[in-house]
Structure formats: C-alpha cells, structure tokens
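See below for the structure under consideration.
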Amino acid sequence: MSAADSNTNYINHTKGIMSWLLTVDHKRIGLMYMIVVLSAFAAGGFFAVAIRLELFAPEMQIFPAAPTEGASWTYNKAFTLHGAIMVFLFIIPSIPAILGNFCLPIMLGTKDVAFPRLNLASWYIYMIGAAICLYAIFFGNSVDTGWTFYTPYSTSSSSSVTMMTFGVFVLGFSSILTGMNFVVTVHKMRAPGMGWFEMPLFVWGIYATALIQILATPVLAITLLLLIMETTFGIGIFDPANGGDPVLFQHFFWFYSHPAVYIMILPGMAVMSELIAVHSHRTIFGYKLIAYSSVAIAFLGFLVWGHHMFVSGQSEFISLLFSFITFLIGVPTAIKLFNWMTTMYLGQISWNTPMLYALCFMVTFTIGGLTGVFLGALGMDIPLHDTYFVVAHFHYVMMGGTVIAFLGGLHHWWPKIFGKMYSEFWGKVGFVFIFLGFNMTFFSQFILGQQGMPRRYADYAGFEKTQLFETYHQFSTVGSLILAVGFIIILIYLVHSLIAGKKAPANPWGGLSMEWATSSPPPAHNFLEDPVCKHGPYDYDKVRPEDI
Amino acid sequence: MSATTHDSHGHPRLAHHFFEMEQQHECAKLGMWLFLLTEILFFGGLFCFYFIWRIMDPELFVGASEMLNWKLGGLNTIVLIFSSFTVAMAIRSIQQNKRNACAIYLAITIACAFVFLVVKYFEYSAKIGHGTLPGTSFHDLHFLAEHPEVKNPHIFFSIYFCMTGLHGFHVICGIVYIAWLLYLTLKNRFDSEYYAPIEMGGLYWHLVDLIWIYLFPLLYLI
Amino acid sequence: MSSSNSTHDSHQPHITPMWVYFGVLGALLILTVVTVAVAQVDLGPLNLPVAMAVATVKAGLVALIFMHLVFDHKFYIYLLLASLVFLAVFVIFCLFDLTRRHEIRHEVAAPIHAEAEWYKELRIQAAGLDHGEDHGDSHGDLHGAKTNAHSEKHAPVQTPAAPQH
Chain A
1 MSAADSNTNY INHTKGIMSW LLTVDHKRIG LMYMIVVLSA FAAGGFFAVA IRLELFAPEM
61 QIFPAAPTEG ASWTYNKAFT LHGAIMVFLF IIPSIPAILG NFCLPIMLGT KDVAFPRLNL
121 ASWYIYMIGA AICLYAIFFG NSVDTGWTFY TPYSTSSSSS VTMMTFGVFV LGFSSILTGM
181 NFVVTVHKMR APGMGWFEMP LFVWGIYATA LIQILATPVL AITLLLLIME TTFGIGIFDP
241 ANGGDPVLFQ HFFWFYSHPA VYIMILPGMA VMSELIAVHS HRTIFGYKLI AYSSVAIAFL
301 GFLVWGHHMF VSGQSEFISL LFSFITFLIG VPTAIKLFNW MTTMYLGQIS WNTPMLYALC
361 FMVTFTIGGL TGVFLGALGM DIPLHDTYFV VAHFHYVMMG GTVIAFLGGL HHWWPKIFGK
421 MYSEFWGKVG FVFIFLGFNM TFFSQFILGQ QGMPRRYADY AGFEKTQLFE TYHQFSTVGS
481 LILAVGFIII LIYLVHSLIA GKKAPANPWG GLSMEWATSS PPPAHNFLED PVCKHGPYDY
541 DKVRPEDI
Chain B
1001 MSATTHDSHG HPRLAHHFFE MEQQHECAKL GMWLFLLTEI LFFGGLFCFY FIWRIMDPEL
1061 FVGASEMLNW KLGGLNTIVL IFSSFTVAMA IRSIQQNKRN ACAIYLAITI ACAFVFLVVK
1121 YFEYSAKIGH GTLPGTSFHD LHFLAEHPEV KNPHIFFSIY FCMTGLHGFH VICGIVYIAW
1181 LLYLTLKNRF DSEYYAPIEM GGLYWHLVDL IWIYLFPLLY LI
Chain C
2001 MSSSNSTHDS HQPHITPMWV YFGVLGALLI LTVVTVAVAQ VDLGPLNLPV AMAVATVKAG
2061 LVALIFMHLV FDHKFYIYLL LASLVFLAVF VIFCLFDLTR RHEIRHEVAA PIHAEAEWYK
2121 ELRIQAAGLD HGEDHGDSHG DLHGAKTNAH SEKHAPVQTP AAPQH
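Residue numbers (our numbering), protein chains in the order written: chain A, 1 to 548; chain B, 1001 to 1222; chain C, 2001 to 2165.
See below:
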C-alpha cells in the first residue's frame, strides 16, 4: 500500500451529493441504507416509547379511547405503525442491506456485487416505498389494523390501508432485488481459490437469507395486491361479506411473514459466527454444520407458517401438522448455538464491545428461541396466543437476537467502514444500558402474558389482575426508557468517533477473512490488487492475522 | 462511476467488476432465472386462489367458464407459443452474429404480443358490456338467470380478471422490454459475445408464455 | 486469473439446431389442439389433473428447450423445481386447512364462502328478467338499480353474512 493510496478510500475519492446519489459502489450504498434504515428504527422506537408510556397506567392516558375529530391518533395506530415500520422499514433490510452490502463483496474478494446498478435501484425502491408509507401515515388516515392487516377489518377500515400496503408492496421489491444480487454474487463472483467452504460464515448466512427473500417476498406482494383488490373491488377472496375467507388471508400473509422472521434472524446468526470466531481467535467449530444449518433453517421456515394461526379457526389437522414441523426448526438453531459455544472454549477471548454483544445474543436469543418452541406447542399456544407472552417472545428474538447482533456487527465492522475507532469504554457503557434496559422491558412481558395480559390493549383497567399488570407494565416501561438511553449513548459515541476517533488500523481485531486484508476504510474498488484466496476465513491455527 | 470501461479490460461491454464476458453472461442468466422464480411465486398466489375455489366450489367454474370464449383463448395461446418460438430464434440469430435476423425475430415477437393484447381487449370489452365484472361490480343478470345454481359467480370473474390482468400487465412490460432490445439490436449493441440482455428478455418472455399455457385450460376449458 | 486476461471464452455457447426449435413449435401447436380436444370430454374429477398434465407437458417443452434448461447446468432445473415445490406446499397446506375445517366444526352452522349479501337484490332482478329482452334496454334500466345495491354493500359490515342454506 503506497503512501499516496493510504489517504484515498471509497468515502473521499469523489465528492458531492450526486456522487453518492448516483453511486454504484456497494459500500456507499450500504452507508446510504444505514442512514435511512436507522432513521426508520428511530421512528419505530418513537412509537414504542409512546406505547410503553400509555401502558404505564391501566386507563387511557395519552391516546383517546376512540378516534374523534380532533384526536385521530389512536393506540391502535401507534402499535400498528410501531410494528409495520420496525418490520418492513427497519429489521428486514437492516443487516443484509447495511452490513451485507458493505461486507459481502469484500469478504468474497471481489470488486462489487453482481449487479451494482440494480443495487442502487434497490435503495431507490426502498426510498419510494418508505415515502408512500409516510404519505399514508401523515397525509392519509394512517393504519390501525395491526401490522398484520387481518381481514375483514383491513378491508373495511377507514384508515389508509390501501396506500400503506401499496408502500409495503414497493418495499418488497427492494428486498427481492437485494436478495437476487447477493445470490448471484455468491455463486459467480468469489475470488480465485475460494470455494463454497472457504467463504466466511457471514456470507453463508446472508446467502440463505437471500434465498428466502427471493422465494417468500413475492407471496407478500401478491397478498397485498389481492388485499388492495379486495378493498377496492370486493373480489371475494378474503372478505366474508363478498364470499371470501378471512383465514385464507392469514395463510397468504404468514406464508411470507414466517420466512420473513428468518430473513430477520439468519443475518444476525451470520454476524454471530464472525464475532465469535474472530474475538475468540479460534477456528470456528463445525463450519459445515453451521453453513448447512443456515440453509436448513431457510428451507424449514417455509413449512411452519400456520403456527401463527392456531386459534384462527383453521382445521385441527393442519394445526397439528404445523406444530409438529415447528419443533424441527429448533434443531439447526441449536446446532449453531452449541458450535459457537464450543468455538469459544479454549479460545483467547477478547472482552470487547462486539464480543459482549455476541454473548448477549447467545443468552437473549436462546430465551427467545425456546419460548418460540413453547408457543409452537399447540396446547400451550391456545392460552398464550395474543398475550404479552408472544410479544415478549418475538422481541427477544428480533431485538435480543437481530438488533443485538446488528449492534455487535456494527461495532465489529465500524473501524473497517469508517476507518475510525470508537471509545471502548463508552461501548461497554452503552452495552450495559442496552442489556439491562432490554431485559427489564421484555422479561416482565413474559410474566404479563402468562398472567393473561392481552396484547394490543391499552386500557387494562377492571381486570382481576389489573394491579399486577400495572406493576409489571411500569417495570417494563422504565426498562424501555433505559433501553432508549442506551441507544442514544451508542449514537453519541459512534458519531463522536467519526469526528474525533482514533484512526483505525486495517485489522484491529485480528480477523482472517478478506475484509481485514484491505485498508480501513477500503479503497474504492475494495482491493489494490485482485486478491487470491489462500486460506480459510478462520484458520487461526495456520495463519497469523499479521500475514493476511 | 460507470459500470463499463473501455480500457484494456477486454470486450467493450465488459463491466468493471467482472473478469470476463462469460462470468458476466452467467451472472445475467442466473439473475434473470432468480427473477423468474419470484414471478412463479407471485403468480402462484393467484393459482392458489384458483385451486382453492376449484376444489371447494367446483360448480362455480363449470358454470362460469362458459362465459369465456375458448376460441379467442386458443388463438391467444397459439400466438404466444409462436412468439416464444420467434424470441428463441432471435437469440439463436445473435449467437451467430446475424443482427438483422435477430431484429426481425424480435419485431415479430412484439407483433405477436400486440395481437395478444388486441384479442384480450375484445374479450374484456365484451365482459364489461355484459356486466361480467369482478367483485362487487358484477351485474351480469343474464348469467344469474341462466345459472341460478352458481353461488358467488363474481369470484370466478375475480380470479379470471386478476390472473389474466396480471398476465396482461406482464405482456405489456414484455413489449416495452423487447422493444428496447430491438432498438439496441438495431444500434449494433449486441454481438455473438455479448447478447445476455436478449437472452434475459427471451427467458422473461418464455415465462409469460408458460403462465398462459396454464391459464388457458384452467380458465377457459375446464 | 488477472483482470488483463484477454483470452476469449473457451466455452462456446450452445446453439440449438433449427430443427429442434421447429419441432418444439410443432409439438406445442399439436398439444394445444390436444388440450382443447381433451377438455371436450367430461372426465369428472379427472378434468383438472388431465388438463394440468397436458399443460405441464407443454410447459416442460418450453422450459427445457426454448429456455435451454436441458442444455444448461442442472442447477437451473433444481432452482425451478425448488420454487414449484414451495408453491405446491403453499397450495396443498392451504387445501389441508380449507377442506378439513368441517371435521371439528360440524356444530357451526355457517358454511365457508357463504354467498354475498348483495346477490339477493341481483337475483331478484335476474328472476324478473325476460329472456327475450335485448341487452341494451335491460342494462340501461338496471344500471340505476345496481348502483343502489352497490352503495348499500359499502356500509361497514358489522356481522358476517348470514348463511344462505
């Protein structure tokens, strides 16, 4: 690396807003996604805090009991928007669009993804979808159906379901095109010497995610299209008033939305494999098993959607079938978990911020995953469905899983992406707030749910257990505020690192995959010379990090 | 940043991030196949709509499919099959650097697509005239009088209009796509080494044909 | 493999012979005739599977020959089959639900897919229709009546449609 090159990287080699808005560089696109996706997270978080504040006391405090002329913002709209924004605008794109876009081509030793212009198009499609949703929220009548848009309420609600679902329809294409790009890149653009089993496990996880994105998202697209047709023309597929079947809507919806949760978690697991291996400085245990388990989860995820519908009125036969298959998904998931733990054993563990997030993941995701198996048991789901137990379960897997992994990945690759080191002290402080806040917020919700607190209720006064509910809700709300402070702390020290952080070396953590072999931040074309893959990504017993 | 360069990197249409034309071609082909998979799952939802009502309420189909003109449907089937043939021949021509033949075949494909749309126009306008419309707009009283045993007949027409409508939308997109390919062919953009976009267009067009191959018997005949 | 590799593709793309394409075109046209012919015969419950089978043969010819699947890497066929497998799972599992709901729900009176309320008005109008009337008049008269039924339908539905049978 010559002295002249060491100051030119993908961020500063061209200037001006148009060089970013018209870029086809996957790294810049990853950053553009970072800005908009994290903004969406803030918006979803805003609604989350509103919900938690409303639930602090049994009766209605902030939101009206019913929409009126002057107060059309109801609690139903708050939880719908929290869910819809978090699912469609934040968590589904998050790791693939940000970390996947940035890291995947570099890890494969190639210059860019297979279709760079399509990559940029994906970003613009995301922006258009987001704009349509925002329009529905602020200039239309918003949505109050729940993020699941169940019929027949969604086909007869006075809220702007059509516009919102059209926005989500558009967002789906962003997801599909990103998935297509990644699959082709992994198949056709690996560096010489890199076979399927020399790729980092992060790539395997993103690849499995991309397969789901390609196969599942189109079904969401047709579902939303048919919902719009039903609302506008009364075609008679989902609305019983027109001869349709509302449970069929649920089948259509969950056929996408269950694989969607694997779109959410597989990238988190992909990040985990990197964090654990690199920060334990050990060869990952069971590489092939972890790789295959990603694909197995992707496959099995398509077969279990009915476990969201046990109380919908679907046939007993199909409920039994779905419940049975749901148990199988625990197997590949557990395989990964045991492999990560075994990797750590006898490793030289660095107790830094990314590793702390990785450890947190193993605890919180396990709780989330196991409670998922509880809910998958038909008998247990009947009393627990639509209670806070379910809310706690999915927040443990989505936030305690994906968001924690995302934070870990963000801290792990931050030096690579920006060339700056953040403050390790504040990293740990932020982690403590997140860990404490998260568990306070959501563990109490398991108890709330098991005690009978229904979800999507704002006014829980008048129940036999209202006092008990109130205590746990207050505990949860305080936890959510601590969690919010944690995110603000993270935002502050990360932004500060951009301004005044220490310059990052090429390989601050001693990793062996290809992204650590290039400068921090990388040059515009990722590498100064076309790389050749000479060793595996975790061959700590054969290669030293200084030699890559 | 342009995706193609004219340096000593090889063929002028080789993008900067690929090593050689074959890699670029293979990526384009795989990418288009993945897109076709998404289209299969997309239409699949409508086929699910079809199959569920077919099995739960077979009388709906027996009665209502009489309203569809199988001769026009058959004509459309033949037109699309022929257009699939011509687009395959177009690719075959450009593989041998026969630019003019390629352009002619592409033009015939587009013409066939227009014939398809014209036939559909006649079919749709006949339906609208009779009131045989999807959803709550359905008011074909003659049908109701002749087939009192069919309940919710509008659902058949919902299925019909949704499936053929979405298919017709894809035909229109195909026309735009192939017209653009024709334009580029006439501008000498393609040769025997670089013709991936035409192959991609061909694959897309074959899928449009494939879907119609299923729609014709399922809607018009049985 | 460096980026200055200028050797041409040693892999020549497969150029399908003309007669193969003409042959497939002919086969497809014949099969279309078969499709129509077979549909004239009422096979009862076999109507659907037979129609699907003929369509699948045609689709197979298009996919294998026109789309080159038979000449390409087997991987593309696996991809196509994978998507069809998932689609089949979707349809089949939905049918497992829809066709077996009555098994524990025999105590509930309402059938699935009861007829929509707004047919009542339409059927009355249809019953009053004289079969010798020409189309122009009937549509003109009833268009107004239809819009009334239409607007009634759009009032919010409070309860599910009552069963017709």
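Glycine residues also receive a C-beta, built at the ideal position from the N, C-alpha and C atoms.
The beta-carbon separation of Ile2030(C) and Arg1092(B), rounded to 22 Å, does not stay under the 8 Å limit for a contact.
Assignment of beta-bridge partners to Pro454(A) by DSSP yields Thr387(A).
Looking from the CA of Val261(A), the closest CA among His393(A), Ala524(A), Met164(A), Phe197(A) belongs to His393(A).
DSSP places Lys1187(B) in the coil class of the three-state scheme, outside both helix and strand. In this model, Val2034(C) and Val2054(C) are separated by some 8 Å (Cα to Cα). For the segment 1085 to 1159 of chain B, the continuous alpha helix (DSSP H) assignments of 4+ residues that do not extend past its boundaries occur at 1099 to 1130, 1141 to 1146, in sequence order. For Met421(A), the pairing in a beta bridge is given by DSSP as Lys502(A). Only residues of its own chain outside the window of five on either side were considered, and among them His279 have a CB closer than 6 Å to the CB of Met355(A), listed in chain order. Non-local beta-carbon contacts of Ala78(A) in its own chain, meaning distances under 8 Å to residues more than five positions away in sequence, involve Phe47, Ala50, Ile51, Glu54, Phe63 in chain order. Separation of the CB atoms of Gly100(A) and Met194(A) is rounded to 17 Å, and the pair is thereby denied contact status at 8 Å. With respect to the C-alpha of Ile132(A), the residue from Asn119(A), Phe173(A), Phe166(A), Trp509(A) having the closest C-alpha is Phe166(A). Residues of chain A whose Cβ lies closer than 9 Å to the Cβ of Asp2072(C) do not exist; the shortest such Cβ separation is about 13 Å. Only exposed fits Asp2042(C), as fewer than 16 other CB atoms lie within 10 angstroms of its CB. Rounded to whole angstroms, the gap between the alpha carbons of Val219(A) and Ser423(A) is 44 Å. Using a Cβ-Cβ cut-off of 8 Å, Gln1023(B) counts as an interface residue toward chain A, since at least one Cβ of chain A sits closer than that to its own. In the three-state scheme derived from DSSP, where H, G and I count as helix and E and B as strand, Ala1015(B) is classed as strand. By the Cβ test, the segment 1069 to 1077 of chain B is not in contact with the segment 1135 to 1153 of chain B, since fewer than three Cβ pairs between them sit closer than 8 Å. For Lys542(A), the CB contacts under 7 Å within the same chain, skipping 5 residues up- and downstream, are His535 in chain order. Membership of Cys2094(C) in the alpha helix (DSSP H) is indicated by the continuous run 2074 to 2100.
Against chain B, a Cβ distance below 8 Å from Pro522(A) picks out nothing, because the smallest value is about 14 Å. Judged by DSSP secondary structure, Arg117(A) falls within the alpha helix (DSSP H) whose first and last residues are 116 to 138.
Excluding five sequence positions before and after Val113(A), the CB atoms of its chain that fall closer than 6 Å to its own CB belong to His26, Pro105, Asn119, Asn181, Thr185, given in chain order.
Using a C-beta cut-off of 8 Å, the segment 404 to 416 of chain A makes contact with the segment 263 to 270 of chain A, since at least three inter-stretch Cβ pairs fall below that distance.
Taking 8 Å as the Cβ-Cβ cut-off, the segment 368 to 386 of chain A has no residue approaching chain C. By the neighbour-count criterion, in which 16 or more other beta carbons inside 10 Å mark a residue as buried, Val397(A) falls on the buried side. Contact annotation: the segment 277 to 297 of chain A does not touch the segment 424 to 444 of chain A, with fewer than three C-beta pairs closer than 8 Å. Residues of the same chain with a CB within less than 6 Å of the CB of Trp516(A), apart from the 5 flanking positions on each side, are Asn507 in chain order.
Shown here, Trp305(A) sits in a helix according to DSSP, grouped into three states. Pairing Ser513(A) with Pro200(A) gives a Cβ-Cβ distance under 8 Å.
Residue burial is scored here from C-beta neighbours: Gln213(A) has at least 16 other C-beta atoms within 10 angstroms and is therefore classed as buried. Two segments are said to touch when three or more pairs of C-beta atoms, one from each, lie closer than 8 Å; by this definition the segment 1155 to 1164 of chain B touches the segment 224 to 235 of chain A.
Gly172(A): member of the alpha helix (DSSP H) spanning 161 to 188, first to last residue. For the C-beta of Leu1210(B), not a single chain A residue is nearer than 7 Å; the gap to the nearest is close to 16 Å. Neighbourhood of Glu2121(C) in chain A, by CB distance below 9 Å: empty, with the nearest CB roughly 14 Å away. Phe2090(C) and Cys1048(B) have their C-alpha atoms spaced approximately 8 Å apart.
In the three-state reduction of the DSSP assignment, Met399(A) falls in the helix class.
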